[in-house]
């Protein structure tokens, strides 16, 4: 049903407009009547009518002022202006303000119905257009998801990538951050786990990620064929990318009651995407060979590396085992001691941050958990074989 509102200060005319026809025969229901412009404005904002009968000459707020106030909020509403003979100049102004039509008092019943029937045809036409637009948007979203899935898996040639960017309105400018999120099904933290099937988990994760990336309008979020949720962040900075992912991970884990693995990389060009995606996919796949205890420990280290005080005792307490036992399990399953693994994680994050030329080396050292640049430089050289300064100079032998 289309919603009709009557704004007319004269009771007799207002009643006449209400009972001029059996409006339900025209798929119309009357949602309100207002005797002055201020009441009409408040009522229209609340009830969102599709058609308004608007008297030109009303107290407090006249018809023209009412139309002007509502046009922004009800862009597709149809205004039918009611005016007297001595108000014709106002009616002309109303038509210039995109009023649908105007009728002179006393309103002729047949003319009123004829005008309303024309208005309903316009509303139906606009509604069909909206439905088509929505369908096109849905189809475009499906096409975009399919393209992104094929692109990250290396199935699209570079020249075709550029073509699809144009067709699908994809804008991934500057350095692009790629983030991968995956639920660890081997570990269930929520006693209500049966409420979350795979479809609902994917739906929730996608919406949560999109919500956190609202401030980045050209970001893209999609699910790959393996059930990983992928986020692409244009004009990305390493520091912002890591902070956003940390927020998304924490929020999603609290919402779903599940452990979420999150990995990220920063690409300087779009052409690097398939290679970076492959590396992230292989790293996540490696989790399947780990015990739940080491998965939790690894995940904790991966997301608390920036804390200078993080220790084996702290991680062991989190997974509720002894430090000695955890140390052995980390060594066996990750092939490195706790401190060696922590150092590798810190340097890996530092390498991403060093792609930002505006960050100083001492700032990066602090961001990855080192109290001084000296300690950071020693750790960096131990892992990569070169100093941070040399790396920054172009000898990027470790990535």
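Residue numbers (the working numbering): 111 to 509.
Where is the CB? At the ideal position from N, CA and C, for every residue including glycine.
**Request:** Could you pull the start and end residues of the beta strand (DSSP E) that residue 266 belongs to?
**Result:** Here the question's residue 266 lines up with position 156 in the chain shown. Where residue 266 is concerned, there is no enclosing beta strand (DSSP E), given that its DSSP letter is neither H nor E.
**Asked** What's the gap between the Cα of residue 494 and the Cα of residue 464?
**Response** Your numbering for residue 494 matches position 384 in the chain shown. Your numbering for residue 464 matches position 354 in the chain shown. Going from the Cα of residue 494 to the Cα of residue 464 covers about 13 Å.
**Message:** Going by the DSSP bridge assignment, what does residue 573 pair with across the sheet?
**Reply:** Here the chain has residues from 111 to 509 only, and residue 573 is not among them.
**Asked** What three-state label does DSSP hand residue 404 in the structure shown?
**Response** As a working note, residue 404 is residue 294 in the chain shown. Helix at residue 404.
**Asked** At a cut of 8 Å, does the region 382-400 reach the region 262-275 through at least three beta carbon pairs?
**Response** yes
**Request:** Quick one: give me the first and last residue of the beta strand (DSSP E) that residue 374 is part of.
**Result:** Counting from 1 along the chain shown, the entry for residue 374 is found at position 264. Looking at the DSSP string, the run of the beta strand (DSSP E) that includes residue 374 is 368-377.
**Helix, strand or coil at residue 288 according to DSSP, with G and I counted as helix** = Counting from 1 along the chain shown, the entry for residue 288 is found at position 178. In this structure, residue 288 counts as strand in the three-state DSSP scheme.
**Prompt:** In terms of DSSP beta bridges, what is residue 191 paired with?
**Reply:** As a working note, residue 191 is residue 81 in the chain shown. 164, 212, per the DSSP bridge assignment.
**Item:** residue 339 - containing beta strand (DSSP E), residue span
**Value:** Numbered from its first residue, the chain shown carries residue 339 at position 229. Its beta strand (DSSP E) spans residues 339-343.
**Request:** Identify every residue that forms a DSSP beta bridge with residue 332.
**Result:** Residue mapping note: residue 332 aligns to position 222 of the chain shown, counting from 1. Its beta-bridge partners are 340.
**Prompt:** Can the beta-carbon of residue 225 be found closer than 7 Å to that of residue 190?
**Reply:** One-based indexing of the chain shown puts residue 225 at position 115. One-based indexing of the chain shown puts residue 190 at position 80. Yes, Cβ-Cβ distance for residue 225 and residue 190 is below 7 Å.
**Request:** Can you say whether residue 172 is buried or exposed, counting buried as having 16 or more other CB atoms within 10 angstroms of its CB?
**Result:** The residue you call residue 172 lines up with position 62 of the chain shown. Classification of residue 172: buried, given that the 10 Å Cβ count is 16 or more.
**Prompt:** Should the region 167-185 be called in touch with the region 213-220, which here means at least 3 C-beta pairs below 8 Å?
**Reply:** no
**Prompt:** CA-CA distance, residue 380 and residue 270?
**Reply:** Working through the chain shown from its first residue, we reach residue 380 at position 270. Working through the chain shown from its first residue, we reach residue 270 at position 160. Each residue's alpha carbon lies about 13 Å from the other.
**Message:** DSSP has residue 144 in a bridge; who is on the other side?
**Reply:** Residue mapping note: residue 144 aligns to position 34 of the chain shown, counting from 1. DSSP output for residue 144 lists 117 as bridge partner(s).
**Request:** Count the other CB atoms, across all protein chains shown, that sit within 10 Å of the CB of residue 415; report buried if there are 16 or more and exposed otherwise.
**Result:** Locating residue 415 in the chain shown gives position 305, where the first residue counts as 1. Classification for residue 415: buried.
**Item:** the region 368-382 in contact with the region 280-293 per 3-pair CB rule at 8 Å
**Value:** yes
**Request:** Taking only the alpha-carbon atoms, compute the straight-line gap between residue 309 and residue 327 and give it to the nearest angstrom.
**Result:** Numbered from its first residue, the chain shown carries residue 309 at position 199. Numbered from its first residue, the chain shown carries residue 327 at position 217. Cα to Cα, residue 309 sits roughly 25 Å from residue 327.
**Request:** Please name the residue in 374, 423, 181 whose C-alpha comes closest to that of residue 159.
**Result:** Here residue 159 is taken as the residue at index 49 of the chain shown, counted from 1. Among 374, 423, 181, the Cα nearest to that of residue 159 is on 181.
**Message:** Counting only C-beta atoms, is residue 157 closer than 7 Å to chain B at any point?
**Reply:** No chain B is present in this structure, which holds just one protein chain.
**Request:** Measure the alpha-carbon distance for residue 187 versus residue 351 and round it to whole angstroms.
**Result:** Working through the chain shown from its first residue, we reach residue 187 at position 77. Working through the chain shown from its first residue, we reach residue 351 at position 241. In a straight line, the C-alpha of residue 187 is about 43 Å away from that of residue 351.
**Message:** Can you give me the C-alpha to C-alpha distance between residue 507 and residue 240, rounded to a whole angstrom?
**Reply:** Within the chain shown, residue 507 is the residue found at index 397, counting from 1. Within the chain shown, residue 240 is the residue found at index 130, counting from 1. Low confidence applies here, because residue 507 scores a pLDDT of 48, under 50, leaving its location unreliable and the question unanswered by this model.
**Prompt:** Is it true that the CB of residue 456 sits closer than 7 Å to the CB of residue 425?
**Reply:** The residue you call residue 425 lines up with position 315 of the chain shown. The residue you call residue 456 lines up with position 346 of the chain shown. No.
**Message:** Which residue wins for smallest C-alpha separation from residue 166, given the options 141, 151, 184, 192?
**Reply:** If you number the chain shown from 1, residue 166 lands on position 56. Ranking the options by Cα distance to residue 166, first place goes to 192.
**Asked** Do residue 360 and the ligand GTP come close, with the Cβ less than 6 Å from some heavy atom?
**Response** For the ligand GTP, the structure offers nothing, since it holds no ligand at all.
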